[in-house]
Structure formats: structure tokens, C-alpha cells
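One structure below.
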Amino acid sequence: MPCPDCRLILVATLNEKWGGWNAKTRRHDFSGIEANLSGLQCPPHVLFMSECTRYNDFEREAFYKMLALLDALPAGTDPEGQPVGQGIYDGMLSKGPFLVHGPGVFYSRPTVRPRGWHDPDDQLVREVPANSLNVEIAGRKLTLKAVHVSGRHGAVGFDAQFSLLGKFAEHPVLAGGDMNMCPTQENNPGYPMDLAREFDDNGTPWQRSTKGIPAADGTWPPYTASYDALLDHGYLDAALLAGNHTPTVNPRHGGDAWMPIDRLIVSRQAPVRFVPSTYRVHPEKSHSDHYMVSCWARVACAKHEQSDADTAELDFAV
Ligand SMILES: [Zn+2]
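Numbers 59 to 376, taken from our numbering, label the letters of the sequence shown in order.
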């Protein structure tokens with residue numbers, strides 16, 4: 059019998075291109091997002107969306123449509139067979155002068171109770187917690203952060219962004235999104251060893267530094283050391299815990315296609331641990347350049363204070 063106070067939550071990250079914005083029709087098309095979310099076994103408790111590009115425009119019409127779409131997702135069950143009802147969703151959109159594709163986090167009430175938003179426009183909000191959302195789940199305090207790491211400043215930019223996110227591990231953080239980088243990879247057959255060759259073949263040599271770092275032998279391997287270093291600050295990575303190296307970028311979209319760059323992480327300070335056996339890279343459901351990733355996580359109630367374990371199990375017995 060699972061503890062009635064601990065909570066299993068479904069966490070997902072989806073990078074639908076431009077959040078469904080179609081530059082030709084100049085309308086949002088949510089059918090791809092809907093198709094992806096229908097692959098989940100129940101409405102997600104936390105959804106990170108890496109590209110909510112124009113959700114703040116047009117009097118936030120797309121943002122509210124997104125909430126309505128989430129509200130309408132049918133009820134389902136969790137992996138322990140317990141029912142999960144329809145959600146009542148709310149969300150927060152990140153903002154910043156250089157965040158072209160500002161990410162957003164959507165969450166299902168009443169499981170997730172919002173407490174406060176670290177607004178980057180507030181002069182009292184520091185750079186590390188900016189664009190994060192404090193919530194309460196199972197009576198435990200947690201901070202959610204949607205991420206879309208940019209490769210535009212190359213290795214220096216990766217170091218800077220992952221250092222900021224690394225520093226944030228001081229807090230109980232659950233984060234996810236398009237990291238544009240992955241851990242150092244083995245057992246991933248298509249994984250690019252030389253991005254220079256991949257990008258040059260695409261006719262886009264200027265993309266080299268968006269994921270690569272120049273090596274002494276003239277190749278441009280992916281700068282994975284930056285992501286490894288992020289985890290060293292005190293994060294647990296769902297795919298790594300699962301031993302899963304499945305790429306999350308659609309191979310039809312270019313040379314970095316074999317990198318699993320959409321990731322879910324939780325700080326060791328958080329009363330939350332992923333259940334690795336439930337980690338999924340979902341099949342292609344839309345024309346987007348990314349696949350959706352999801353994993354269940356257990357939020358420990360105050361009575362079941364998190365142990366030193368890196369993972370949680372299903373069928374957790376009281
Ligand atoms: Zn409990």
C-alpha cells in the first residue's frame with residue numbers, strides 16, 4: 059500500500075517548434091502539441107515547454123489556449139494503478155531580453171500549488187533564481203524551472219548558463235527542457251564525434267560552436283563536459299539514472315540529431331526522486347524537431363524524508 063501522502067508526479071518536457079507558431083499562416087497550430095501530449099498515460103503534473111515563443115503576444119491568446127488544451131486532457135492512471143484525474147492548469151512563461159524562445163512551465167492544480175514567481179524584471183530578484191516558480195507538492199517546497207539553454211555564445215555561453223543553473227542546485231529544484239547539450243555519451247551509435255563534419259554537410263558551418271568545441275586535432279566534438287559539470291553541482295538526471303541514451307532530436311533535422319538534449323533534472327536538495335524505469339523518449343508525433351521526454355517522480359511527504367538514494371521505486375510501501 060503506497061503512502062497516501064507521498065505523491066507520484068508525471069513530469070514531461072516538450073520542445074514543439076516555436077510552440078506551434080506557424081510563420082506562414084501567422085497562427086498557432088496546437089495539433090502537434092496535442093498529439094504529443096496524448097501519448098502520456100495521464101495529464102502531466104509538470105510540463106516544461108522549451109519554446110513558448112509567442113505565448114505572451116496577442117493578449118496571451120496562445121497561453122490560454124495551451125491551458126485549455128491541458129485542462130481537456132483525459133484522466134488516466136499512474137504507474138501504480140491509481141487514478142489521475144483531469145487537471146486544472148496554470149503556467150508561467152520565462153522572459154528576458156535574449157530569450158527568443160522563452161520557455162514555460164505548466165502545472166496541474168491542486169497537486170502543484172503555486173507559491174511565488176521569481177520575476178526577472180524585479181530588481182530584487184537575482185540572476186540565479188530568475189524565471190523560476192516556487193511551488194508546494196505533497197506539502198513539500200519545491201522550485202520549478204523551465205530551461206532552454208542557448209548555444210549562441212558557444213562553449214563560454216554553455217559554461218555560463220550551466221554555472222548559473224548549477225548554483226541553483228542549492229535549492230530543491232526540479233527543472234527540464236532543451237539543454238542543447240547532453241552528458242558525455244557512450245552506447246549511442248549515431249552520436250556525433252565531429253560536429254564540424256555534420257554541420258558542414260548540412261551547409262551550415264556557422265553552427266559549429268552552437269554545440270561543439272574545437273579540439274586540437276581540428277575536430278569539433280560536442281561540448282559535453284559543460285553538461286557533466288552542471289550535474290556535478292548536485293543534480294540527478296533522469297535519462298542517466300535510466301541508462302537511456304535515446305536521442306531526443308528528430309534525425310530529419312540535421313547533424314546534431316543523435317544527441318539526447320531534452321533533459322529532466324532534479325537537485326539532490328529536492329524531496330523528489332525520479333523513478334528511472336518510467337523514463338520515456340516518446341515517438342515522433344508532430345513535425346517538430348524534438349521528441350517529448352517524460353518520467354515519473356516521487357515527492358516524499360514530510361514523514362518519508364528523502365533518503366540518500368538517487369532514485370525512487372514504484373510500489374513504495376509504507
Ligand atoms: Zn509518505
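Cβ coordinates follow ideal geometry from the N, Cα and C atoms, glycine included.
- If you compare the alpha carbons of A218, A328, F121, V307 with that of H348, the shortest gap goes to V307.
- Listed in chain order, the non-local C-beta contacts of R210 below 8 Å within the same chain comprise T268, local neighbours out to five positions each way being set aside.
- Ranking F116, T169, L98 by CA distance to the CA of P62 puts T169 first.
- When DSSP states are grouped into helix, strand and coil, E228 belongs to the helix group.
- A direct Cα-to-Cα measurement between V333 and P137 gives close to 10 Å.
- Between T201 and H159, the gap from beta carbon to beta carbon reaches 8 Å or more.
- In summary, E256 is buried, with 16 or more beta-carbon neighbours lying within 10 Å of its beta-carbon over all protein chains present.
- Beta-bridge annotation (DSSP): G162 is paired with M107, L151.
- Between G97 and D87, the CB-CB gap reaches or exceeds 8 Å.
- The shortest C-alpha to C-alpha distance from R321 to any of H311, T369, M237, D366 is the one to M237.
- The three-state secondary structure of E194, taken from DSSP, is strand.
- Closest in C-alpha terms to V339, from the list V351, A204, G197, K75, comes V351.
- A distance below 6 Å between beta-carbons, with the five flanking residues on each side excluded, links A355 to the following residues of its chain, in chain order: I67, V69, V330, F332.
- In this structure, the alpha-carbon of A315 lies about 30 Å from that of L131.
- Spatial neighbours of A328 in its own chain (CB-CB distance under 7 Å, excluding positions within 5 residues in sequence) are listed in chain order as L200, P230, V231, L232.
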